[in-house]
Amino acid sequence: MPTDPQSALITIQAGLAQLSTLIVSYSFSAIGAVIILIVGYFVAGLAERSISAGLSHIHGFDATLRNFFAKIVRYAILILVVIMVLGQFGVQTASIIAAIGAVGLAIGLALQGTLQNIAAGIMLLALRPFRIGEYVEVGSIAGTIEEIGLFATKLRSADGVYVLAPNSTLWNQPVRNFTRNGVRRTDVSLSIGSWNDIDRAQKTLLAIAGAENRIRREPAPIAFVASLGDATVSLTLRYWTSAADYFSTQIDMTKRAKQAFDSEGISIPLPPPEVPAPEARKQ
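FYI, full-length UniProt numbering numbers position 100 of the sequence shown as 100, with every residue one higher than the one before it.
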């Protein structure tokens, strides 16, 4: 069947008009998308720097936590920019947001333990129950803090062992910080024979404490009878020192107390002699 040339021409013109409209429409959408991407990228960077700079002015705010919050703001803006770009091309953004929410929920359920560590890390960095360089004890974990991360905390135990503890473990248990207050009380205990002069022994302990510069004068050191045995008297020298000098002072004072007792003739009771077993006596 022959085609009317005029009708074909009209059809071609209509098709070209529609194509021109689509090209113009999508050109504006593409240009708008590029503009949104460029502006959004710079806005995300500016927001990240502003958040980081603002939090840096807060005294004691941890640098790791500051960078974490700044990054969250940056990526949240970038995700919003991507959604806006897709909306320029007629994509239903509501369904995309619902899909992102579903994916986020699935990831959250799969990484529940990891997210608990992140939340605990944020709380540890914000509330600061311990800082780098402090000696702490949390349950069965003890050591000097070397690094506080968002997932785990690195410690060095007293015998030099490397310890990596999950933040959720450290957050869910009571923390004993031996460094935070700056001072610690120390007890040095020795036993003497009950036949010795107790007052003289107490004065001897106070004399060696008064000669030690690392021991604080307030509160003043005291020496007292801690307990009584059948032939022994347990004496305790109690004093306060800086947390940094705790162990070294305790070691030195124990040695000096023994040396001072020897010089003063204050005897430390010897252990009772071993009684041989009945079989040994028969032999």
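Even for Gly, the Cβ is constructed at its ideal location relative to N, Cα and C.
Asked: Closest residue to Met84 among Gly54, Gly45, Lys203 and Ala33 (Cα-Cα distance); Found: Ala33
Asked: The segment 153-170 in contact with the segment 114-126 per 3-pair CB rule at 8 Å; Found: yes
Asked: Residue range of the alpha helix (DSSP H) that includes Ile251; Found: Tyr246 to Glu264
Asked: Beta strand (DSSP E) segment containing Gly149, residue limits; Found: It is not in any beta strand (DSSP E) - Gly149 carries neither H nor E in the DSSP assignment.
Asked: Lys255 vs Leu190 beta-carbon contact at 8 Å; Found: no
Asked: Anticipated Cβ contact below 8 Å, Val73 with Ala47, distance rounded; Found: 5 Å
Asked: Beta carbon of Thr232 nearer than 8 Å to that of Pro269; Found: yes
Asked: Assigned secondary structure, Gly193 (DSSP; H/G/I helix, E/B strand, else coil); Found: strand
Asked: Close Cβ partners of Gly182 (< 8 Å) along its chain, the five nearest in sequence each way excluded; Found: Ser242 and Ala243
Asked: Closest residue to Ser263 among Ala226, Asp245, Ile35 and Ala207 (Cα-Cα distance); Found: Ala207
Asked: Straight-line gap, Val43 to Ile77 (C-alpha atoms, nearest Å); Found: 8 Å
Asked: Presumed contact (8 Å Cβ cut-off) between Ile222 and Thr249, rounded CB distance; Found: With a Cβ gap of about 16 Å, Ile222 and Thr249 do not count as contacting.
Asked: Alpha-carbon to alpha-carbon, Phe130 and Ser234; Found: 36 Å
Asked: Beta-ladder partner(s) of residue 287, from DSSP; Found: Summary: the structure shown does not reach residue 287, with the chain confined to residues 1 through 283, and so no result is reported for it.
Asked: Exposure label - Gln126; buried when at least 16 CB within 10 Å; Found: According to the sequence shown, residue 126 is Ala rather than Gln. With fewer than 16 other Cβ atoms within 10 Å, it is exposed.
Asked: Where Phe42 falls: helix, strand or coil (DSSP); Found: helix
Asked: Nearest residue (CA-CA) to Lys71, options Ser50, Glu146 and Tyr239; Found: Ser50
Asked: Given 8 Å, three or more beta-carbon pairs between the segment 143-159 and the segment 191-211; Found: no
Asked: Close-in-space but distant-in-sequence residues of the same chain around Phe178 (CB under 8 Å, 5 per side omitted); Found: Glu134, Tyr135, Val136, Glu137, Arg184, Ala243 and Tyr246
Asked: Same chain, Cβ closer than 6 Å to Ala53, neighbours up to 5 away in sequence not counted; Found: none
Asked: 8 Å Cβ cutoff met for residue 301 and Arg200; Found: Residue 301 lies beyond the stretch modelled for the chain, which goes from 1 to 283, so this question has no answer here.
Asked: N-terminal and C-terminal residue of the alpha helix (DSSP H) that Ala207 is part of; Found: Ile198 to Gly210
Asked: Closest Cα partner of Arg66 within the set Thr186, Leu150, Val175 and Tyr41; Found: Leu150
Asked: Rounded separation between Ala220 and Ser194 - CA only; Found: 26 Å
Asked: With 16 other Cβ atoms within 10 Å as the buried cut-off, status of Pro2; Found: Its pLDDT being 49, under 50, Pro2 is placed unreliably by the model, and the measurement read from it follows with that caveat. With fewer than 16 other Cβ atoms within 10 Å, it is exposed.
Asked: Nearest neighbour of Phe261, chosen from Lys154, Phe224 and Asp197 [CA to CA]; Found: Asp197
Asked: Beta strand (DSSP E) segment containing Asn177, residue limits; Found: Val175 to Asn177
Asked: Close Cβ partners of Gln116 (< 6 Å) along its chain, the five nearest in sequence each way excluded; Found: Ser168
Asked: Local conformation of Arg66 per DSSP, three classes; Found: helix
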